Amino acid sequence: CEYLLVSQAEPYIEQYHNLDRPSGDRWQWQVYDGIERAIVLHSLNIELPMAEIYRRISL
Numbered sequence: 033c034e035y036l037l038v039s040q041a042e043p044y045i046e047q048y049h050n051l052d053r054p055s056g057d058r059w060q061w062q063v064y065d066g067i068e069r070a071i072v073l074h075s076l077n078i079e080l081p082m083a084e085i086y087r088r089i090s091l
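Residue numbers (my numbering): 33 to 91.
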């Protein structure tokens, strides 16, 4: 399970990743900032470039 907070004003995403599924007691917090970064979505087992997420956003 993951929870993402995505900024609309700048390339900035906060990610909360559940380490103890299904109990949900421990969460890992990760910050992704900068258009050159890529975010890892553990629940989908993929890496997504920040440039793709913000592709149609005027920053």
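Note that beta-carbon positions come from the ideal geometry of N, C-alpha and C, so glycine has one too.
Nothing here was measured: the structure is a model prediction, and the numbers come from that model.
Closer than 6 Å by C-beta to E79: which residues in its own chain qualify, once you throw out the five before and the five after it? Chain order, please.
Numbered from its first residue, the sequence shown carries residue 79 at position 47. Counting only Cβ-Cβ distances below 6 Å, and skipping sequence neighbours, we find A70 and V72.
Just to confirm the assignment, what range does the alpha helix (DSSP H) spanning I85 have?
Within the sequence shown, numbered from 1, the residue matching residue 85 stands at position 53. I85 -> alpha helix (DSSP H) spans M82 to I85.
Compare the Cα-Cα distances from R88 to each of Q60, R53, P43 and W61 and report the closest residue.
Indexing the sequence shown from 1 puts residue 88 at position 56. Selected option, being the one with the closest Cα: P43.
Taking 9 Å as the cut-off, decide whether the C-beta atoms of C33 and R53 are in contact.
Within the sequence shown, numbered from 1, the residue matching residue 33 stands at position 1. Within the sequence shown, numbered from 1, the residue matching residue 53 stands at position 21. Result yes, Cβ atoms of C33 and R53 sit closer than 9 Å.
Distance check for P81 and Y64, CA to CA, integer angstroms please.
Translated into the one-based positions of the sequence shown, residue 64 becomes position 32. Translated into the one-based positions of the sequence shown, residue 81 becomes position 49. So the alpha carbons of these two residues sit roughly 10 Å apart.
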